[in-house]
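Worksheet for the structure shown next.
2 protein chains.
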Amino acid sequence: MEDRLADASIEFWYEFASTYSYPAAMRIEALAAAAGIRVVWRPFLLGPIFAAQGWRDSPFNLYPAKGRYMWRDLARITAALGVPFRQPSRFPRNSLLAARVALVGEGDWIHRFSRAVYVANFGEDREIGDPSALAEILERLSIPAESAIAAAAAPEIKQKLKDNTDAAIAAGIFGAPSFLAREELFWGNDRLEEAIAHAANR
Amino acid sequence: MEDRLADASIEFWYEFASTYSYPAAMRIEALAAAAGIRVVWRPFLLGPIFAAQGWRDSPFNLYPAKGRYMWRDLARITAALGVPFRQPSRFPRNSLLAARVALVGEGDWIHRFSRAVYVANFGEDREIGDPSALAEILERLSIPAESAIAAAAAPEIKQKLKDNTDAAIAAGIFGAPSFLAREELFWGNDRLEEAIAHAANR
Chain L
1 MEDRLADASI
11 EFWYEFASTY
21 SYPAAMRIEA
31 LAAAAGIRVV
41 WRPFLLGPIF
51 AAQGWRDSPF
61 NLYPAKGRYM
71 WRDLARITAA
81 LGVPFRQPSR
91 FPRNSLLAAR
101 VALVGEGDWI
111 HRFSRAVYVA
121 NFGEDREIGD
131 PSALAEILER
141 LSIPAESAIA
151 AAAAPEIKQK
161 LKDNTDAAIA
171 AGIFGAPSFL
181 AREELFWGND
191 RLEEAIAHAA
201 NR
Chain V
203 MEDRLADASI
213 EFWYEFASTY
223 SYPAAMRIEA
233 LAAAAGIRVV
243 WRPFLLGPIF
253 AAQGWRDSPF
263 NLYPAKGRYM
273 WRDLARITAA
283 LGVPFRQPSR
293 FPRNSLLAAR
303 VALVGEGDWI
313 HRFSRAVYVA
323 NFGEDREIGD
333 PSALAEILER
343 LSIPAESAIA
353 AAAAPEIKQK
363 LKDNTDAAIA
373 AGIFGAPSFL
383 AREELFWGND
393 RLEEAIAHAA
403 NR
């Protein structure tokens, strides 16, 4: 029983430009720890997935009523959660470099870095597409910024992000956040509890 | 205090072709009763709203990965809720006549009729666009079928459905189910509890 739980894991598929990934990123480690399961952080890019659907922008920009509602809903969710929220002056922001840097920290500081990027983007209206903003985030977390950002340009890291995005498509993922637990797909911050219960085989 | 609660209400905006409106329709009266609030059933049509966004079909058909996930998600939700589910052989079904008939029963049997239409569409794979299927539903509910269906063709009823759809757009509604509670908009079956709490001013 303990062995099974120690082995149980949930894959957290997220994109730094995705608004509802923010509360999920802030909540997932505590919920998973309480359930005795491990989180595998899997950043990917929604851009290619949206482009394949004919969208050249976020659906929240393409469909204004949906976008207005989403910002209001996100304000309510973050207020209830007690995490900072400020509607970003630019949306969506370029998430490519942040996703690559996150992969440099895989198995190590990826979760701390990812949460900090979300807070910067949706809590502090900072330009997470800028290398300087990412360097500042890394430094605040006591992660060597220069080497992490340099490592993010390595072909293996670029390939890893492409592979993640391809794997997301192959798994039927069409939006973020998504969770994969024992081959079952769950979409949206609202499904996090259910996905964790499924991962824990409850 | 009791007066305030007796006056509190929630508007339930739904469309008979909308999959996630099904669990919301099955749940809302019990949840509202427990919170001491009244439900105002407001059927409307998503067709004109989707058409204005450039969609000529359900987004669940236009975006197949999203559609495949939705059916799996709905199967999980209905199983957890203990209501029948069978993936309809046709989707979306024409909901125009059902919505008009529902409005004939406004303030009376609209909630019973609406739940039965959802069960027929998503639990029994029945053709809710057919007058004969609607007549059968009405008869099972001991509602005079012939007169209800005849009344649905009255200009006032047709106008009422158009007015509901216009009012939905004016309220910022872009999908179903939606809930309006004290001028706050909530979208999706997942937000029903939050909407009811807001309506009850908790």
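Going down the list, the protein sequences come from chains L and V. Under our numbering, the first residue of the first sequence is numbered 1, with each subsequent residue one higher. Under our numbering, the first residue of the second sequence is numbered 203, with each subsequent residue one higher. For each residue, glycine too, the CB sits at the ideal point set by N, CA and C.
Rounding to the nearest angstrom, what Cα-Cα distance links residue i and residue j in this structure?
i	j	result
PHE208/L	ALA318/V	The structure shown does not extend to residue 208/L, since chain L is modelled only from 1 to 202, so the question has no answer here.
ALA230/L	ARG112/L	As shown, chain L starts at 1 and ends at 202. That puts residue 230/L outside it, with no answer to give.
ILE77/L	GLU396/V	11 Å
ILE330/V	ASN323/V	6 Å
ARG202/L	ARG182/L	12 Å
TYR218/L	PRO294/V	In the structure displayed, chain L extends from 1 to 202; residue 218/L sits before or after that span and is not available.
MET272/V	ALA373/V	25 Å
ALA206/L	ASP368/V	Chain L is shown only over 1 to 202; residue 206/L falls outside these bounds and no answer can be derived.
LEU185/L	ALA355/V	44 Å
ARG244/V	TRP389/V	14 Å
ASP327/V	ARG292/V	8 Å
ILE196/L	ARG274/V	17 Å
ARG258/V	PRO266/V	15 Å
TRP109/L	SER9/L	18 Å
PHE179/L	GLY249/V	31 Å
ALA277/V	ALA52/L	27 Å
ARG342/V	GLY325/V	16 Å
GLU204/V	ILE230/V	Legend: pLDDT at GLU204/V = 47, less than 50; position of this residue unreliable, value from coordinates given subsequently. Computed Cα separation, rounded: 21 Å.
LEU62/L	LEU264/V	16 Å
ALA32/L	PRO131/L	31 Å
ILE345/V	VAL242/V	20 Å
ASP7/L	LEU192/L	19 Å
ARG288/V	GLU11/L	29 Å
SER58/L	LYS364/V	30 Å
GLY82/L	GLY284/V	34 Å
GLU30/L	ALA232/V	Per the sequence shown, residue 30/L should be read as Ala rather than Glu. Spanning the two alpha carbons is a distance of roughly 32 Å.
Quick check on DSSP: helix, strand or coil for residue i?
i	result
LEU207/V	Since pLDDT at LEU207/V reaches only 47, below the 50 mark, its modelled position is unreliable, and the value read off the structure follows with that caveat. In the structure shown, LEU207/V sits in a helix (DSSP, three-state: H, G or I).
ALA181/L	strand
TYR14/L	strand
ARG42/L	strand
PHE91/L	coil
PHE388/V	strand
THR19/L	coil
PHE60/L	helix
ILE330/V	coil
GLY47/L	helix
ILE77/L	helix
LEU299/V	helix
ILE351/V	helix
PRO155/L	helix
SER316/V	helix
ARG184/V	It is not possible to answer for residue 184/V, since the shown part of chain V is limited to 203 through 404.
ALA235/V	helix
GLU193/L	helix
ARG404/V	coil
LEU343/V	coil
TRP71/L	helix
ILE375/V	coil
ASP368/V	helix
GLU308/V	coil
Is residue i near residue j, with beta carbons less than 8 Å apart?
i	j	result
SER95/L	ALA25/L	no
TRP18/L	ALA168/L	Here residue 18/L is Ser; the residue named in the question, Trp, does not match the sequence. No, the Cβ-Cβ distance between SER18/L and ALA168/L is not below 8 Å.
LEU97/L	LEU45/L	no
VAL119/L	PRO88/L	no
PHE218/V	ALA301/V	yes
ILE137/L	TRP13/L	no
GLY269/V	PHE262/V	yes
ASN189/L	TYR20/L	yes
What does residue i reach in chain L if we use C-beta pairs closer than 8 Å?
i	result
TRP389/V	TYR69 and ASP73
Can you list the residues of chain V that residue i reaches, using a CB-CB cut of under 9 Å?
i	result
ALA34/L	Neighbours of ALA34/L on chain V: none; closest Cβ ~21 Å, over 9 Å.
GLN53/L	LEU264, TYR265, ALA267 and LYS268
In chain L, which residues lie less than 7 Å from residue i when you measure between Cβ atoms?
i	result
ALA267/V	GLY172 and PHE174
Applying a beta-carbon distance threshold of less than 7 Å, which residues of chain V neighbour residue i?
i	result
ASP190/L	ASP392
Counting contacts by CB-CB distance shorter than 8 Å, is residue i in contact with chain C?
i	result
SER58/L	Among the protein chains in the structure shown, which are L and V, there is no chain C.
Exercise for the section: Could you say if the region 357-369 of chain V and the region 232-241 of chain V meet the contact criterion of at least three C-beta pairs nearer than 8 Å? Expected result: Of all C-beta pairs linking the region 357-369 of chain V to the region 232-241 of chain V, fewer than three are shorter than 8 Å, placing the two stretches out of contact.
Practice task
Check whether the region 302-310 of chain V touches the region 339-352 of chain V, counting contact only when three or more Cβ pairs, one atom from each stretch, lie closer than 8 Å.
Solution key: They touch, by the three-pair rule.
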